[in-house]
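Sequential numbering of the sequence shown, starting at 632, is according to the numbering used here.
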Amino acid sequence: MILNQGNINNFLNKYITFVNKISDYYNYDNNIRHLLYLIVPGFVAKYGISNEKSILVCFEKVRIYISGTEDNTVTATFNRILKKNDNNYYTEKYVVLNQYRKASFTNMFDNIIHEFNHAVNSLNNEISLDDKYIKLRTGLCYLVYDRKNMKFLYKSNESFLEEVINTEQTEEIINIINSFGNYTIENVEFNNTLHVLKNEIVGNNYISDSYAFQSLVCDILMKNKTFYPTISNLRFKGFVNDIPIMFDGIIGKNGSYQYLNVLLKKIYNLQIKYSKSLFFKKIILNKIKLKAQELLSIIKEYDNKCIYK
């Protein structure tokens with residue numbers, strides 16, 4: 632949506648009552664409340680007023696819990712509990728946020744926005760089933776459960792591309808919120824928060840350090856004008872099963888999208904191995920470079936074959 636000096640204050644003030652309502656209901660402290668004053672309109676500005684209802688439902692239904700773990704940079708997770716009522720499956724959703732007394736504003740914004748963006752992009756077509764499995768969609772990927780006993784089995788390989796695109800969109804939302812400070816804001820609390828946020832962001836645009844290497848390798852995809860808007864739209868609407876058809880169709884080879892996600896998973900596992908290893912680190916690093924080159928080759932092939940890029 633288009634914001635300007637004429638509508639910015641009415642737009643921001645519109646969500647105060649809603650944030651106060653959920654903050655009172657969940658007993659959020661003032662730190663969380665004040666961040667949500669700007670985060671909620673940031674999401675609406677990102678996804679459009681036509682999706683306002685879905686966004687508000689998400690913030691209303693997904694509770695923030697504060698863990699007992701202290702973390703200077705803050706870490707958070709989006710979690711769900713799969714439940715069954717008669718023959719109907721449903722989920723209870725929540726975000727767990729580590730203690731944040733020493734955390735910066737940008738880290739707080741990043742963590743809360745990152746996890747709620749997973750939640751917002753998992754609203755539509757969340758649960759699918761067949762005779763054997765129950766699948767919970769988290770953006771691009773699925774959490775797969777055994778239908779007989781509802782035990783968790785595995786997470787699909789798309790989870791790492793999901794994190795890359797979620798990080799990209801987190802940056803976009805934070806930059807939208809930061810842009811609110813370009814206008815004359817009447818609310819003193821909003822002004823103070825925006826002033827601190829602007830001072831913590833280096834340069835004109837916020838860059839998250841989440842999944843930094845994966846984001847770097849996938850940068851061409853995130854800038855591609857066919858891939859990024861298409862995958863963002865399908866992910867939000869829940870039609871992610873159409874993505875492999877779109878991706879493979881442009882490259883001209885079946886299984887290309889699947890293999891891209893396999894490579895992202897292998898790179899991540901090698902990174903974990905590298906961080907834990909005391910010996911042979913150079914060998915592991917070389918393997919990471921080879922897998923990254925192979926991944927980049929697929930990405931460049933896709934980019935080169937796109938008519939609109």
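All C-beta atoms, glycine included, are put in the ideal place defined by N, C-alpha and C.
- Message: Here's the rule: buried if 16 or more other CB atoms are within 10 angstroms of the residue's CB, otherwise exposed. What is Arg613?
- Response: Absent from the structure is residue 613, since the part of the chain shown begins at 632 and ends at 940.
- Query: Run through DSSP, which three-state label would Tyr764 get?
  - Reply: In the structure shown, Tyr764 adopts extended strand secondary structure according to DSSP, grouped into three states.
- Excluding the 5 residues preceding and the 5 following Glu802 in the sequence, name in chain order all residues of the same chain whose CB lies nearer than 8 Å to its CB. So the list reads Asn836, Tyr837, Ile838, Ser839, once near-sequence residues are dropped.
- Query: Who are the near neighbours of Ala750 in its chain, counting only those whose CB is closer than 8 Å to its CB and skipping five residues on each side?
  - Reply: Taken in chain order, the residues that qualify are Cys689, Val693, Phe709, Lys724, Val726.
- Query: Shortest alpha-carbon distance to Ser888 belongs to which of Lys779, Ile796, Leu926, Val650?
  - Reply: Ser is not the amino acid found at residue 888; the sequence shown has Tyr there. Residue Leu926 holds the alpha-carbon nearest to the alpha-carbon of Tyr888 among Lys779, Ile796, Leu926, Val650.
- Segment contact, 8 Å Cβ cut-off, at least three pairs: the stretch 795-812 with the stretch 774-784: The stretch 795-812 vs the stretch 774-784: no contact.
- Message: Just to confirm the assignment, what range does the alpha helix (DSSP H) spanning Asp660 have?
- Response: In the DSSP assignment, Asp660 falls outside any alpha helix (DSSP H) and carries neither an H nor an E.
- Message: Output needed for Ile915: all residues of its chain with C-beta closer than 7 Å, excluding positions within five of it in sequence on either side, in chain order.
- Response: Closer than 7 Å at the Cβ level, and outside the excluded window around Ile915, lie Leu901, Lys904, Tyr905, Ser908.
- With a CB to CB cut of under 6 Å and the five nearest residues on each side skipped, what residues in its chain are close to Val827? Taken in chain order, the residues that qualify are Phe736.
- Message: Less than 8 Å between the beta carbons of His665 and Ala707, yes or no?
- Response: If you check the CB distance, His665 and Ala707 do not come in under 8 Å.
- Message: With a threshold of 7 Å on Cβ separation, who are the neighbours of Val650 within its own chain once the five nearest residues in sequence on each side are excluded?
- Response: Residues of the same chain with a CB within less than 7 Å of the CB of Val650, apart from the 5 flanking positions on each side, are Arg664, Leu667, Tyr668, Val671 in chain order.
- Message: The beta strand (DSSP E) that contains Thr722, what's its start and end?
- Response: 719-730 is the span of the beta strand (DSSP E), which, as asked, contains Thr722.
- Sort Asn729, Asn885, Lys936, Gln845 by Cα distance to Thr700 and report the nearest one. Per the Cα distances, Asn729.
- Please state if the CB of Phe878 and the CB of Tyr933 are separated by a distance shorter than 8 Å. In contact: Tyr933 and Phe878 (Cβ atoms closer than 8 Å).
- Task: Quick one: grab the DSSP three-state call for Thr706.
- Result: Thr706 falls in the coil class under three-state DSSP.
- Identify the residues that DSSP records as bridge partners of Ser759: which are they? In the DSSP output, where bridge partners are listed per residue, Ser759 has Lys766.
- Lys677 burial status per 10 Å Cβ neighbour count (16 or more: buried): By the 16-neighbour rule on beta-carbons within 10 angstroms, Lys677 is buried.
- Query: I think Lys922 touches Leu891, with their Cβ atoms under 8 Å apart; what is that distance to the nearest whole Å?
  - Reply: Their Cβ separation, rounded to whole angstroms, is 11 Å, which puts Lys922 and Leu891 out of contact at 8 Å.
- My understanding is that Tyr646 touches Ile695, with C-beta atoms under 8 Å, so please give their C-beta distance in whole angstroms. Actually they do not touch by this definition, with Cβ atoms about 16 Å apart.
- Got a sec? Which residues, its chain only, sit under 8 Å from Lys936 by beta carbon, not counting five neighbours each side? Exclusion of the five residues before and after Lys936 leaves Ile881, Ile882, Gly883 as the residues of its chain whose Cβ lies within less than 8 Å of its Cβ.
- Task: On a CA-only basis, which of Asp741, Glu691, Tyr720 is nearest Leu760? Give me that one, please.
- Result: Comparing Cα-Cα distances from Leu760 to each of Asp741, Glu691, Tyr720, the minimum goes to Tyr720.
- Message: Out of Asp660, Met632, Asn640, Asn718, which one is the CA nearest neighbour of Asn682?
- Response: Nearest C-alpha to Asn682: Met632.
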